[in-house]
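In my numbering, the protein residues as written are 21 to 270.
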């Protein structure tokens with residue numbers, strides 16, 4: 021543990037200092053008089069997560085009240101776990117009406133506002149970075165279509181002389197590019213979905229030996245990826261198909 025205290029070692033007690041409530045000048049002669057001091061024995065060691073392990077010591081409620089100078093009617097905070105169907109806004113309004121003094125109500129996201137902002141920024145940059153990689157890959161598709169156009173130039177000329185218009189020939193290569201895009205994005209989403217589900221069930225990517233990296237399967241994310249890749253594929257296929265011109269067939 022962080023304090024290197026073995027459990028139930030009565031020869032090695034933990035000394036706790038808590039500032040006494042109220043205001044006043046610090047006694048220079050005896051600075052320790054400004055603190056409530058207690059010696060306790062560590063009764064056990066817990067392992068929850070890195071933040072809790074490094075910052076908190078848990079005790080009985082009565083002992084904590086004694087240290088902080090609080091009576092049984094005073095609390096510093098209350099935590100509520102809502103039912104899935106409960107309305108967060110209605111609960112907040114009801115709690116505000118119960119307490120006569122001003123209270124601060126925060127949900128889980130508001131309690132970790134900086135963390136969630138960082139995660140949202142990380143998600144945005146990850147999306148932009150992956151979109152850049154996808155754009156490079158998709159425009160390789162455009163190059164592939166151009167090579168097919170040049171390779172099949174004679175066949176395209178035959179179709180043109182048989183009565184197909186330039187617009188109709190362009191559609192052939194455009195639909196070809198979109199078909200390849202749809203097959204690619206569908207295969208990629210399938211593999212990604214399998215990886216996420218396996219991580220949820222097995223946790224093959226751990227943060228710590230006892231904590232797997234958390235993932236959540238969201239249909240909105242699938243839709244965003246699908247629309248992004250299809251949009252890039254549409255642009256690449258459209259640009260490549262426009263290379264079919266009368267000059268090319270002459």
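Idealized CB from N, CA, C, for every residue including glycine.
Counted within 10 angstroms of its Cβ, other Cβ atoms place residue i as buried (16 or more) or exposed
i	result
residue 205	buried
residue 252	buried
residue 109	exposed
residue 154	buried
residue 64	exposed
residue 240	exposed
residue 214	exposed
residue 146	exposed
residue 173	exposed
Spatial neighbours of residue i in its chain, beta-carbon cut-off 7 Å, leaving aside the 5 residues before and after
i	result
residue 67	73
residue 198	253, 254, 257
Proximity test, residue i beta-carbon vs the ligand ATP heavy atom, cut-off 7 Å
i	result
residue 74	For the ligand ATP, the structure offers nothing, since it holds no ligand at all.
Contact under 8 Å by Cβ, residue i with residue j
i	j	result
residue 237	residue 217	yes
residue 5	residue 186	Nothing can be reported for residue 5: it is not among the residues displayed for the chain, which extend from 21 to 270.
residue 193	residue 158	no
residue 260	residue 166	yes
Candidates the options, of which the one nearest residue i by Cα
i	options	result
residue 93	116, 81, 227	81
residue 87	97, 104, 60, 102	60
residue 127	39, 101, 245, 196	101
residue 272	181, 161, 222	Any answer about residue 272 is impossible in this case: the structure gives the chain only from 21 up to 270.
residue 32	230, 106, 23, 173	23
Cutoff 6 Å; reference residue i; Cβ partners in own chain excluding five residues on either side
i	result
residue 203	none
Supposed close pair residue i, residue j - CB separation, criterion 8 Å
i	j	result
residue 210	residue 246	Contact flag wrong, Cβ pair sits at about 12 Å.
residue 40	residue 56	6 Å
Cβ-based neighbour list, residue i, same chain, cut-off 8 Å, excluding 5 preceding and 5 following
i	result
residue 136	129
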